[in-house]
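Residue numbers (full-length UniProt numbering), protein chains in the order written: chain A, 1 to 102; chain B, 1 to 102.
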């Protein structure tokens with residue numbers, strides 16, 4: 001599912017709202033979530049999951065072309081931890097499929 | 001330490017910035033996360049350009065252990081959700097969050 005498919009699916013559930021409005025809302029939501037993470041803050045969505053930053057320590061990397069050692073600074077990377085409802089629903093869907101195969 | 005962004009915070013943003021009424025704003029936020037959960041539950045990868053991708057990974061069963069008792073318990077096969085941040089989000093977090101958290 002792409003972003004435009006997500007927008008269409010949300011719009012189908014809210015038939016009083018034009019797709020254009022939903023498109024704008026999704027853009028603002030994703031921008032807000034990115035802004036929050038870029039500020040080093042967390043996102044916590046009950047039943048879905050949480051986004052936070054994980055620190056990566058500085059390390060020595062290599063230039064893949066020349067093989068030269070390059071000092072890489074420590075950095076923060078976004079991390080997602082799925083919430084219980086999402087974990088259970090995804091896992092159940094897998095077991096539903098494997099049961100029919102057996 | 002600031003409070004984490006929640007569904008209520010996102011709805012507030014849609015209400016303030018885009019002029020949705022509070023009920024609409026709440027519904028859009030709710031359906032946004034629900035449609036992502038639905039897609040993942042139906043084995044669809046979710047690709048939100050600029051933000052990141054939610055992927056599914058099937059894990060094989062493996063032997064586990066109760067960390068308290070040391071007793072061996074098998075861990076069954078499972079499907080898990082992973083998040084891979086997009087280039088744009090990763091770059092923003094690397095540039096901004098690092099400097100603010102140090």
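Cβ coordinates follow ideal geometry from the N, Cα and C atoms, glycine included.
Asked, Found
"If I measure Cβ to Cβ from residue 7(A) and keep anything under 7 angstroms in the same chain, skipping five residues before and after, which residues do I get?", "19, 22, 23 and 26"
"With 16 other CB atoms within 10 Å as the buried threshold, where does residue 70(A) fall?", "exposed"
"In terms of alpha-carbon separation, which member of 3(A), 93(A) and 50(A) lies closest to residue 5(B)?", "50(A)"
"Given this structure, state the Cα-to-Cα distance separating residue 85(A) from residue 83(B), to the nearest angstrom.", "16 angstroms"
"Who pairs with residue 47(B) in a beta bridge, going by DSSP?", "2(A) and 53(B)"
"Is there a Cβ from chain A that is less than 9 angstroms from the Cβ of residue 42(B)?", "yes"
"Using the three-state DSSP reduction, which class does residue 60(A) fall into: helix, strand or coil?", "strand"
"Taking C-beta pairs closer than 9 angstroms, name the residues in chain B that residue 60(A) reaches, listed in chain order.", "Correct list: empty, because the minimum Cβ distance to chain B is about 18 angstroms."
"Is it true that the CB of residue 45(B) sits closer than 9 angstroms to the CB of residue 38(B)?", "no"
"For a contact meaning CB atoms closer than 7 angstroms, what does residue 4(B) contact in chain A?", "41, 42, 43 and 44"
"If residue 58(B) sits next to residue 94(A), beta carbons under 8 angstroms apart, how far is it from one beta carbon to the other, in whole angstroms?", "7 angstroms"
"Please go through the stretch 71 to 100 of chain A and give each complete beta strand (DSSP E) segment of 3 or more residues, from N-terminal end onward.", "75 to 82"
"By the criterion of Cβ-Cβ separation under 9 angstroms, what are the contact partners of residue 55(B) in chain A?", "Simply none; closest approach about 11 angstroms."
"Using 10 angstroms around the beta-carbon of residue 65(A), count the other beta-carbons present and answer buried if the total reaches 16, otherwise exposed.", "exposed"
"When the distance is taken between beta carbons, is residue 7(B) closer than 9 angstroms to residue 26(B)?", "yes"
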